[in-house]
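Numbering (our numbering), first residue to last: 127 to 306. Everything below concerns the one structure shown next.
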Amino acid sequence: METATRLFQERGFSEVGINEIIEKAETAKASFYQHFKSKTDLCEAWLQTIHERSEEIRSEILDSAGDPVDKIVSYFEGIEPFLKANDFRGCPYSNTAAVVDSGCCGIRGKIESHKDSIRQFFRQLTGEFARSGERASQLADQLFLLFSGATSESQNLRATWPARTACRAAREICEAERDR
Numbered sequence: 127m128e129t130a131t132r133l134f135q136e137r138g139f140s141e142v143g144i145n146e147i148i149e150k151a152e153t154a155k156a157s158f159y160q161h162f163k164s165k166t167d168l169c170e171a172w173l174q175t176i177h178e179r180s181e182e183i184r185s186e187i188l189d190s191a192g193d194p195v196d197k198i199v200s201y202f203e204g205i206e207p208f209l210k211a212n213d214f215r216g217c218p219y220s221n222t223a224a225v226v227d228s229g230c231c232g233i234r235g236k237i238e239s240h241k242d243s244i245r246q247f248f249r250q251l252t253g254e255f256a257r258s259g260e261r262a263s264q265l266a267d268q269l270f271l272l273f274s275g276a277t278s279e280s281q282n283l284r285a286t287w288p289a290r291t292a293c294r295a296a297r298e299i300c301e302a303e304r305d306r
């Protein structure tokens, strides 16, 4: 899994073949196929591993004491170090979504589930200060799009200013809602 993770993150799911993974992992083909029936199954496992790590981060933020706006901002602050650590390769889910077709239901399901969990994270926090449940949902969707856009544009531009700008915008949007 480590080898596949590195290769998928470096070059993308569609650019890496099973034989390369097996060769670089220095494992037998039979051993690989004992664990994964296909490259698609491997991709699903890779995305699940990333999702679980992301869920841990979101759970830590939710479980910590503090202001919900500060918690949202802290999540946005995580974009910049993530991008730098991954050489501005962006979101593995968005990158994978761009190269798989609609027939890859398992992969698409993992992508949609992960993205929805980010929206629900924002929804839980905005529910603590928004003036209504409907407004909390609207605000959560705005934050989700801001977060996704910041990650995408930081990748496209290989720059951190989109992430920093989104972080400031997230605070401003949330504080404006809270001050109403």
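Ideal placement from N, C-alpha and C gives every residue a C-beta, glycine not left out.
>> So, with DSSP's three-state summary, where would you put T153?
In response: Mapped onto the sequence shown, residue 153 falls at position 27. Coil, per DSSP.
> Does DSSP put F208 in a helix, in a strand, or in coil?
Replying inline: As a position in the sequence shown, residue 208 is number 82, starting the count at 1. Assignment of F208 by DSSP, reduced to helix, strand and coil, places it in the helix class.
>> Counting C-beta neighbours from all protein chains within 10 Å, is the total for R222 16 or more, i.e. buried, or is it exposed?
In response: Within the sequence shown, the letter at position 96 stands for residue 222. First, the residue type needs correcting, since residue 222 is Thr and not Arg in the sequence shown. Answer is buried; the Cβ neighbour count reaches 16.
>> Which residue wins for smallest C-alpha separation from W172, given the options R294, C217, R284?
In response: In the sequence shown, residue 172 corresponds to position 46, counting from 1. Taking only the C-alpha atoms, the option nearest W172 is C217.
> Which one of R179, Y159, L168, K163 has the shortest CA to CA distance from V142?
Replying inline: The sequence position of residue 142 within the sequence shown is 16, counting from 1. Out of R179, Y159, L168, K163, the CA that lies nearest to the CA of V142 is found in L168.
> Does the separation of the CB atoms of R284 and S263 fall below 7 Å?
Replying inline: Translated into the one-based positions of the sequence shown, residue 284 becomes position 158. Translated into the one-based positions of the sequence shown, residue 263 becomes position 137. The answer is no: Cβ separation not under 7 Å.
> Is it buried or exposed for Y219, if we count other Cβ within 10 angstroms and need 16 for buried?
Replying inline: Sequence index remark: in the sequence shown, residue 219 carries index 93 (1-based). Burial is judged here by how many other beta carbons sit within 10 angstroms of a residue's own beta carbon; Y219 has at least 16 and is buried.
> Is DSSP giving A262 helix, strand or coil here?
Replying inline: Your numbering for residue 262 matches position 136 in the sequence shown. The DSSP-derived three-state label of A262 is helix.
> Which residues in the same chain have their Cβ closer than 8 Å to the Cβ of A151, if we skip the five residues on either side of it in sequence?
Replying inline: Locating residue 151 in the sequence shown gives position 25, counting from the first residue. Short of 8 Å from the beta carbon of A151, and not among the five residues preceding or following it, lie these beta carbons of its own chain, in chain order: E128, T129, A130, F158.
> Which residue comes first and which comes last in the alpha helix (DSSP H) that contains D167?
Replying inline: Walking along the sequence shown from the start, residue 167 turns up at place 41. D167 -> alpha helix (DSSP H) spans 165-189.
>> Does any residue of chain D have a CB that is nearer than 7 Å to the CB of W287?
In response: No chain D is part of this structure, which consists of one protein chain only.
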